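Student:
Protein chains: 2
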Amino acid sequence: MEHGHQHGHSIERELECVSQVPIFQSLAEEQLLSVAQVTRPIHAVRGGAVFNAGEVSQTLYIVNTGQVRLYHLSAEGKEQVLRVLNPGDFVGEIALFTDEIHGSYAEATMTTELCTISRESLTNLISRMPPLSMHLLGALADRLKAAERQATLMAIPDALPRLAGYLQVLSHDQSGVVDLPMSKQDLAAYLGMTPESLSRKLHQLVSDGVIETIGRRQIKVLAVNDLAALAPQ
Amino acid sequence: MEHGHQHGHSIERELECVSQVPIFQSLAEEQLLSVAQVTRPIHAVRGGAVFNAGEVSQTLYIVNTGQVRLYHLSAEGKEQVLRVLNPGDFVGEIALFTDEIHGSYAEATMTTELCTISRESLTNLISRMPPLSMHLLGALADRLKAAERQATLMAIPDALPRLAGYLQVLSHDQSGVVDLPMSKQDLAAYLGMTPESLSRKLHQLVSDGVIETIGRRQIKVLAVNDLAALAPQ
DNA sequence: CGTTCTCTTGAATATGCTCAAAGATGGTGG
DNA sequence: CCACCATCTTTGAGCATATTCAAGAGAACG
Chain F
946 MEHGHQHGHS
956 IERELECVSQ
966 VPIFQSLAEE
976 QLLSVAQVTR
986 PIHAVRGGAV
996 FNAGEVSQTL
1006 YIVNTGQVRL
1016 YHLSAEGKEQ
1026 VLRVLNPGDF
1036 VGEIALFTDE
1046 IHGSYAEATM
1056 TTELCTISRE
1066 SLTNLISRMP
1076 PLSMHLLGAL
1086 ADRLKAAERQ
1096 ATLMAIPDAL
1106 PRLAGYLQVL
1116 SHDQSGVVDL
1126 PMSKQDLAAY
1136 LGMTPESLSR
1146 KLHQLVSDGV
1156 IETIGRRQIK
1166 VLAVNDLAAL
1176 APQ
Chain C
946 MEHGHQHGHS
956 IERELECVSQ
966 VPIFQSLAEE
976 QLLSVAQVTR
986 PIHAVRGGAV
996 FNAGEVSQTL
1006 YIVNTGQVRL
1016 YHLSAEGKEQ
1026 VLRVLNPGDF
1036 VGEIALFTDE
1046 IHGSYAEATM
1056 TTELCTISRE
1066 SLTNLISRMP
1076 PLSMHLLGAL
1086 ADRLKAAERQ
1096 ATLMAIPDAL
1106 PRLAGYLQVL
1116 SHDQSGVVDL
1126 PMSKQDLAAY
1136 LGMTPESLSR
1146 KLHQLVSDGV
1156 IETIGRRQIK
1166 VLAVNDLAAL
1176 APQ
């Protein structure tokens, strides 16, 4: 029965993880410590499972370093990528409010450090630190916006505008050179097309001078305007 | 400069609206009054605009009675339905945290009563009533879950599983008989297909004995198992 | 350096879209 | 109250697009 982290080892690691996370960023040093104290670190190797679909969860998972891939498994055994978690991103917020089983698998794509907070601890933290709830609400609102954009993007029957819309969002964050957050076959599933179609559409964009491929996981956007013209809205 | 609602008229209407809303439901009578006091009612007729895309918003809109349709307008002028707000549903939460313009149009599909709360008032309320933030978080988490499910559903290239998945979600809530929340042509846009395809796929489900149509806006699910078999997961 | 996985390329097929028109439905005004 | 009109929905046929199936090229990994 381990109830805390007062086993002599410092909570340095927990503190580092917590302080990296945007939703905790504006907290005072003292409050960060409170958060760190209820945090449990998790280590996952490449290909390792963070959690599996069907498992009951009452935990918030926050990625510190590395990357986690969330995906569904279709009836035919195909993987449908839901989302990719990069440092600062989190998952499990739904389980914090409704007693539910995980709808997806979570797998580390590289060596990954996460920190976890139990539902009980988080609700405690929120009641003690009101600003925290505002940050959480903001983060959820952002995710919601992204998810709704994704849903409307997917409703487009043609593959090219879907791809263009996706690249457009990515290129907003970074300037020019876009790092693809997943493999091409995962990206294809994410965009609702086959790897073959993705390959062809990418090739088309390259031929048209809109983009340039750098290696296997980078794309350089040459003509932002053309991309916007192809994307919806 | 109207600063409040103490103009002698009762806040009965505001109170009624507020008390209908799930996120406020568990509040005490006294707290409900506080909420009602910062609420402004809005009336919209069929076809009337609640707000338009491009407008700046710092307001939360909550539907009391009636229905509001949220939609995008594509470059070709086609309407892409994002979501339909029924009594108790709300929109505008994103604008509460990030200064942003509306990404969609909001139009009443019938005579509709809404109540609105400004960003300033809501943040005030939250700081004064901590449980409120938990309810908001819960509501956002639910919406997020629905949006992510929608996004993965849309990523399926075949129309039939998309439709089946959608009907499956609806039939979970109600038992057997499903009320369609929008017209067939809107539903088609929402599901990422043409009205023609939707009509054909519905006909196919009827032929297969999976569903039965009741009038224009109701569907009776006869074989839940068959529906689940057609839907993904 | 070879093995394995990912990605690309090529053809045939199938599915949904577009265009066109007819059939329902519901609301409105005479 | 009924007929008319606008709108929504359905049905049909040809066409465009993406998928499927198959095989080859290219990276990444041990």
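Read top to bottom, the protein sequences are chains F and C. Going by the working numbering, the first residue of the first sequence is number 946, and it counts up by one from there. Going by the working numbering, the first residue of the second sequence is number 946, and it counts up by one from there. The C-beta atom is built at its ideal place from N, Cα and C for all residues, glycine as well. Quantities reported herein were computed from a predicted structural model and do not represent experimental measurements.
Are the stretch 1055-1069 of chain F and the stretch 969-989 of chain F touching by the rule of at least three beta carbon pairs closer than 8 Å?
Tutor: The stretch 1055-1069 of chain F vs the stretch 969-989 of chain F: in contact.
Student: Residues of the stretch 1061-1089 of chain F in Cβ contact with chain C at a cutoff of 8 Å, in chain order, please.
Tutor: Of all residues in the stretch 1061-1089 of chain F, T1068, I1071, S1072, P1075, S1078, M1079, L1081, L1082, G1083, L1085, A1086, D1087, R1088, L1089 have a Cβ within less than 8 Å of some Cβ in chain C.
Student: For F:Q908 and F:D1034, what's the separation of their Cα atoms in angstroms?
Tutor: Absent from the structure is residue 908 of chain F, since the part of chain F shown begins at 946 and ends at 1178.
Student: Evaluate contact between the stretch 1137-1145 of chain F and the stretch 968-987 of chain C, counting only Cβ atoms and requiring at least three cross-stretch pairs below 8 Å.
Tutor: Taking 8 Å as the limit for Cβ pairs, the verdict is that the stretch 968-987 of chain C does not touch the stretch 1137-1145 of chain F.
Student: Can you name, in chain order, every residue of its own chain whose Cβ lies under 7 Å from the Cβ of C:E1005, other than the five neighbours on each side?
Tutor: The residue labelled residue 1005 of chain C in the question sits at position 60 within the second sequence. According to the sequence displayed, residue 1005 of chain C carries Leu and not Glu. Same-chain partners within the cutoff: F1035, G1037, E1038, L1041, T1061, I1062, L1067.
Student: Could you tell me whether the Cβ of C:M1179 comes closer than 8 Å to any Cβ of chain F?
Tutor: Residue numbering for chain C in the displayed model covers 946 to 1178; residue 1179 of chain C lies beyond these limits and cannot be assessed.
Student: By DSSP, does C:L1030 sit in helix, in strand, or in coil?
Tutor: As a working mapping, residue 1030 of chain C is identified with position 85 in the second sequence. It is a strand residue.
Student: Where in the stretch 974-1053 of chain F do unbroken runs of the beta strand (DSSP E), each at least 3 residues long, occur, reported from the N-terminal end onward?
Tutor: Taking only runs of at least 3 residues, the beta strand (DSSP E) segments lying wholly in the stretch 974-1053 of chain F are 984-989, 994-996, 1004-1010, 1013-1018, 1024-1030, 1050-1053.
Student: Rounded to whole angstroms, what is the Cα-Cα separation between F:Q965 and F:A1084?
Tutor: In the first sequence, residue 965 of chain F corresponds to position 20, counting from 1. In the first sequence, residue 1084 of chain F corresponds to position 139, counting from 1. Looking at the two C-alpha atoms, the distance is approximately 15 Å.
Student: Could you tell me the distance, in whole angstroms, from the CA atom of F:Q1078 to the CA atom of C:Q970?
Tutor: If you number the first sequence from 1, residue 1078 of chain F lands on position 133. If you number the second sequence from 1, residue 970 of chain C lands on position 25. The sequence shown places Ser at residue 1078 of chain F, not Gln. So the two alpha carbons sit approximately 19 Å from each other.
Student: Is the distance from the Cβ of C:V980 to the Cβ of C:L1070 below 8 Å?
Tutor: In the second sequence, counting from the first residue as 1, residue 980 of chain C sits at position 35. In the second sequence, counting from the first residue as 1, residue 1070 of chain C sits at position 125. It is a contact, given that the beta carbons lie within the stated cut-off.
Student: Output yes if chain C places a C-beta closer than 8 Å to the C-beta of F:I1007; else output no.
Tutor: Position 62 of the first sequence, counting from 1, holds the residue named residue 1007 of chain F. By this cut-off, F:I1007 is not an interface position.
Student: By the three-class DSSP mapping on this structure, what secondary structure does C:I1071 have?
Tutor: The residue you call residue 1071 of chain C lines up with position 126 of the second sequence. Correct three-state label for C:I1071: helix.
Student: Under the three-state reduction of DSSP, which class applies to C:Q970: helix, strand or coil?
Tutor: Here residue 970 of chain C refers to the residue found at position 25 of the second sequence. In the structure shown, C:Q970 sits in coil (DSSP, three-state: anything other than H, G, I, E or B).
Student: Taking DSSP's pairing of strands, which residues face C:C1060 in a bridge?
Tutor: As a first step, residue 1060 of chain C is located in the second sequence; it is residue number 115 there, counting from the start. C:C1060 pairs with C:P986, C:I1007.
Student: Along the stretch 990-1019 of chain C, where does the CB come closer than 7 Å to a CB of chain F? Name the residues.
Tutor: Under the 7 Å Cβ criterion, the stretch 990-1019 of chain C contributes H1017, S1019.
Student: Output the boundary residues of the beta strand (DSSP E) element that contains F:D1124.
Tutor: Position 179 of the first sequence, counted from the start, is the residue given in the question as residue 1124 of chain F. From DSSP, the beta strand (DSSP E) with F:D1124 extends over 1122-1124.
Student: Pop quiz: C:E1052 and C:V1001 are said to be a contact at Cβ under 8 Å. What is the actual Cβ separation, rounded to whole angstroms?
Tutor: Residue mapping note: residue 1052 of chain C aligns to position 107 of the second sequence, counting from 1. Residue mapping note: residue 1001 of chain C aligns to position 56 of the second sequence, counting from 1. 18 Å between Cβ atoms; not a contact.
Student: Could you tell me whether the Cβ atoms of F:H1080 and F:I968 are closer together than 8 Å?
Tutor: One-based indexing of the first sequence puts residue 1080 of chain F at position 135. One-based indexing of the first sequence puts residue 968 of chain F at position 23. Yes.
Student: What residues match up with C:K1165 in a beta bridge as DSSP calls it?
Tutor: As a position in the second sequence, residue 1165 of chain C is number 220, starting the count at 1. C:V1122, C:E1157.
Student: Output, in chain order, the set of chain C residues within a Cβ distance shorter than 7 Å of F:F1042.
Tutor: Position 97 of the first sequence, counted from the start, is the residue given in the question as residue 1042 of chain F. In chain order: L1082, G1083, A1086.
Student: Can you give me the C-alpha to C-alpha distance between C:E947 and C:P1075, rounded to a whole angstrom?
Tutor: Along the second sequence, one-based indexing puts residue 947 of chain C at 2. Along the second sequence, one-based indexing puts residue 1075 of chain C at 130. With a pLDDT of 45 at C:E947, under the threshold of 50, the predicted position of this residue should be treated as unreliable, and no value is reported.
Student: So, is F:A1174 buried or exposed, given that buried needs 16 or more other C-beta atoms within 10 angstroms?
Tutor: Taking the first sequence and counting its residues from 1, one reaches residue 1174 of chain F at position 229. The residue in question, F:A1174, is exposed, as its Cβ has fewer than 16 Cβ neighbours within 10 Å.
Student: Return the CA-CA distance between F:T1010 and F:L960, expressed in angstroms with no decimal places.
Tutor: By 1-based counting over the first sequence, the position of residue 1010 of chain F is 65. By 1-based counting over the first sequence, the position of residue 960 of chain F is 15. Cα-Cα distance, rounded: 14 Å.
Student: Report the CB separation of F:E985 from F:M1127 in whole angstroms; it is logged as a contact under 8 Å.
Tutor: By 1-based counting over the first sequence, the position of residue 985 of chain F is 40. By 1-based counting over the first sequence, the position of residue 1127 of chain F is 182. It should be noted that the sequence gives Arg, not Glu, for residue 985 of chain F. That belief does not hold up - the Cβ atoms of F:R985 and F:M1127 are roughly 27 Å apart, past 8 Å.
Student: Taking 8 Å as the cut-off, decide whether the C-beta atoms of C:Q1025 and C:A1133 are in contact.
Tutor: The count along the second sequence starts at 1 and reaches residue 1025 of chain C at position 80. The count along the second sequence starts at 1 and reaches residue 1133 of chain C at position 188. It is not a contact, given that the beta carbons lie outside the stated cut-off.
Student: Relative to the alpha-carbon of F:L1172, which residue among F:G1048, F:L1143, F:L1150 has its alpha-carbon at the smallest distance?
Tutor: The count along the first sequence starts at 1 and reaches residue 1172 of chain F at position 227. Checking every option, the nearest Cα to that of F:L1172 belongs to F:L1150.
Student: For a contact defined as C-beta to C-beta under 7 Å, what are the partners of F:L1112 on chain C?
Tutor: Here residue 1112 of chain F corresponds to residue number 167 of the first sequence, with the count starting at 1. Those do not exist, as F:L1112 stays about 17 Å from chain C at its closest Cβ, beyond 7 Å.
Student: Quick one, are the C-beta atoms of C:Q1163 and C:V1122 less than 8 Å apart?
Tutor: The count along the second sequence starts at 1 and reaches residue 1163 of chain C at position 218. The count along the second sequence starts at 1 and reaches residue 1122 of chain C at position 177. A contact, by the Cβ cut-off of 8 Å.
Student: Short check: CB of F:K1146 to CB of F:L1108, under 8 Å?
Tutor: Here residue 1146 of chain F corresponds to residue number 201 of the first sequence, with the count starting at 1. Here residue 1108 of chain F corresponds to residue number 163 of the first sequence, with the count starting at 1. Their beta carbons are under 8 Å apart, which means F:K1146 touches F:L1108 by this criterion.
Student: So, C:G999 versus C:I1046, is the Cβ gap smaller than 8 Å?
Tutor: Along the second sequence, one-based indexing puts residue 999 of chain C at 54. Along the second sequence, one-based indexing puts residue 1046 of chain C at 101. In contact: C:G999 and C:I1046 (Cβ atoms closer than 8 Å).
Student: Answer with buried or exposed for F:R1161, where buried requires no fewer than 16 other C-beta atoms within 10 angstroms of its C-beta.
Tutor: Residue numbering aside, residue 1161 of chain F sits at position 216 when the first sequence is read from its first letter. By the neighbour-count rule (16 or more Cβ atoms within 10 Å), F:R1161 is not buried but exposed.
Student: Count the other C-beta atoms from every protein chain shown that fall within 10 angstroms of the C-beta of F:G1110, then say buried if there are 16 or more, exposed otherwise.
Tutor: For this step, residue 1110 of chain F is matched to residue 165 along the first sequence. With 16 or more other Cβ atoms within 10 Å, it is buried.
Student: Quick check on F:K1090: buried or exposed, where buried means 16 or more other Cβ atoms within 10 Å of its Cβ?
Tutor: Within the first sequence, numbered from 1, the residue matching residue 1090 of chain F stands at position 145. By the neighbour-count rule (16 or more Cβ atoms within 10 Å), F:K1090 is buried.
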